[in-house]
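J.:
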Amino acid sequence: TQLLEQSPQFLSIQEGENLTVYCNSSSVFSSLQWYRQEPGEGPVLLVTVVTGGEVKKLKRLTFQFGDARKDSSLHITAAQPGDTGLYLCAGIAGNMLTFGGGTRLMVKP
Amino acid sequence: EAQVTQNPRYLITVTGKKLTVTCSQNMNHEYMSWYRQDPGLGLRQIYYSMNVEVTDKGDVPEGYKVSRKEKRNFPLILESPSPNQTSLYFCASSSWTGRDTEAFFGQGTRLTVV
Numbered sequence: 003t004q005l006l007e008q009s010p011q012f013l014s015i016q017e018g019e020n021l022t023v024y025c026n027s028s029s030v031f032s033s034l035q036w037y038r039q040e041p042g043e044g045p046v047l048l049v050t051v052v053t054g055g056e057v058k059k060l061k062r063l064t065f066q067f068g069d070a071r072k073d074s075s076l077h078i079t080a081a082q083p084g085d086t087g088l089y090l091c092a093g094i095a096g097n098m099l100t101f102g103g104g105t106r107l108m109v110k111p
Numbered sequence: 017e018a019q020v021t022q023n024p025r026y027l028i029t030v031t032g033k034k035l036t037v038t039c040s041q042n043m044n045h046e047y048m049s050w051y052r053q054d055p056g057l058g059l060r061q062i063y064y065s066m067n068v069e070v071t072d073k074g075d076v077p078e079g080y081k082v083s084r085k086e087k088r089n090f091p092l093i094l095e096s097p098s099p100n101q102t103s104l105y106f107c108a109s110s111s112w113t114g115r116d117t118e119a120f121f122g123q124g125t126r127l128t129v130v
């Protein structure tokens, strides 16, 4: 079993603050993905990073894949209440998609 | 509309009573999988299927069965449910392209075994 550990598990911040969520593993993945899950719904893909050292930006969200392809980070700039949700990282290796434990983010107005 | 449909959305059952959770996708995806989601543990893969009649165990397959007789359907079967199988279950499908694969999830089935 390839494990992905996310930190922190919970994060409560004020609107306008910046934050970073980490996803770490001892295993190498061919790619890393980030999903966001709203209550009562299934996860929805935000981004896939495939190259070691790759950085992708989606508006205020910045995703990075570690050089060794074992870890990733999600940075949110100037968080807004609409960013509230569960953020999950997932690694692809072989025929399996393995998820981390998730980071529950709450952004208070 | 492209979607993954799970039924039922909510289910309360008793220990030992066989149940099936259905999953259907209309995107002609080869790859389908089942996950369970528990607080702090994220999504753990139960079984996956690369194509019709091809299924493989995920990380937590004990107590579950699956079948893939048709491309669009991938039911999850609990032959003798136990309370430790109380969880939120998600079915997902994707057109498996390796590292660029995007998984599309159903809305989940909340199962309670008493």
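Protein sequences appear in the order of chains A and B.
Each position in the first sequence, counted from 1, maps to that position plus 2 in the numbering used here.
Each position in the second sequence, counted from 1, maps to that position plus 16 in the numbering used here.
Every residue gets a Cβ at the ideal spot worked out from N, C-alpha and C, and that includes glycine.
This one's a predicted model, so the numbers in the text were calculated from it and none came from an experiment.
(1) State yes or no: is the beta carbon of R115 (chain B) nearer than 8 Å to at least one beta carbon in chain A?
(2) Can the beta-carbon of L34 (chain A) be found closer than 8 Å to that of T117 (chain B)?
(3) Please work out which residues of its chain come closer than 7 Å, Cβ to Cβ, to E86 (chain B), disregarding the five sequence neighbours upstream and downstream, and give them in chain order.
(4) Is there a Cβ of chain B sitting closer than 8 Å to that of F67 (chain A), yes or no?
(5) Can you grab the Cα-Cα spacing for the pair F88 (chain B) / D73 (chain A), in whole Å?
(6) Beta-carbon separation of I93 (chain B) and Y105 (chain B) under 8 Å?
(7) Is there a Cβ of chain A sitting closer than 8 Å to that of Y64 (chain B), yes or no?
(8) From T102 (chain B) to L127 (chain B), what does the alpha carbon distance come to, in whole angstroms?
(9) Determine the contact status of A70 (chain A) and V30 (chain A), defining contact as a CB-CB distance below 8 Å.
(10) Once the 5 residues before and after P99 (chain B) are set aside, which same chain residues still bring their CB inside 8 Å of it?
(11) Can you give the Cα-Cα distance for V1 (chain A) and T71 (chain B), rounded to whole angstroms?
(12) Give me the Cα-Cα distance between G42 (chain A) and P91 (chain B), rounded to the nearest whole angstrom.
(13) Measure the beta-carbon distance from S65 (chain B) to M48 (chain B) and round it to whole angstroms, keeping in mind my assumption that it falls under 8 Å.
(14) Is it right to say Y51 (chain B) is buried, meaning 16 or more other beta carbons lie within 10 angstroms of its own, or is it exposed?
(15) Quick check: what's the CA-CA separation for W36 (chain A) versus Y26 (chain B)?
T.: Reading it off the structure:
(1) With its beta carbon less than 8 Å from one in chain A, R115 (chain B) belongs to the interface.
(2) Note that the C-beta distance between L34 (chain A) and T117 (chain B) is not below 8 Å.
(3) Hits under 7 Å: V68.
(4) The beta carbon of F67 (chain A) sits no closer than 8 Å to any beta carbon of chain B.
(5) In the sequence under discussion, the amino acid at residue 88 (chain B) is Arg, which differs from the Phe named in the question. Straight-line measurement puts the Cα of D73 (chain A) at about 34 Å from the Cα of R88 (chain B).
(6) Their beta carbons are not under 8 Å apart, which means I93 (chain B) does not touch Y105 (chain B) by this criterion.
(7) At least one chain A Cβ lies under 8 Å of Y64 (chain B).
(8) When the Cα atoms are used, T102 (chain B) and L127 (chain B) turn out to be separated by approximately 5 Å.
(9) Taking 8 Å as the Cβ cut-off, A70 (chain A) and V30 (chain A) qualify as a contacting pair.
(10) Excluding sequence neighbours, P99 (chain B) sits near T31, V129, V130.
(11) Summary: the structure shown does not reach residue 1 (chain A), with chain A confined to residues 3 through 111, and so no result is reported for it.
(12) Going from the Cα of G42 (chain A) to the Cα of P91 (chain B) covers about 20 Å.
(13) Right, the Cβ-Cβ distance comes to about 5 Å (below 8 Å), so this counts as a contact.
(14) Per the 10 Å Cβ criterion, buried.
(15) Taking the straight line joining both Cα atoms gives about 27 Å.
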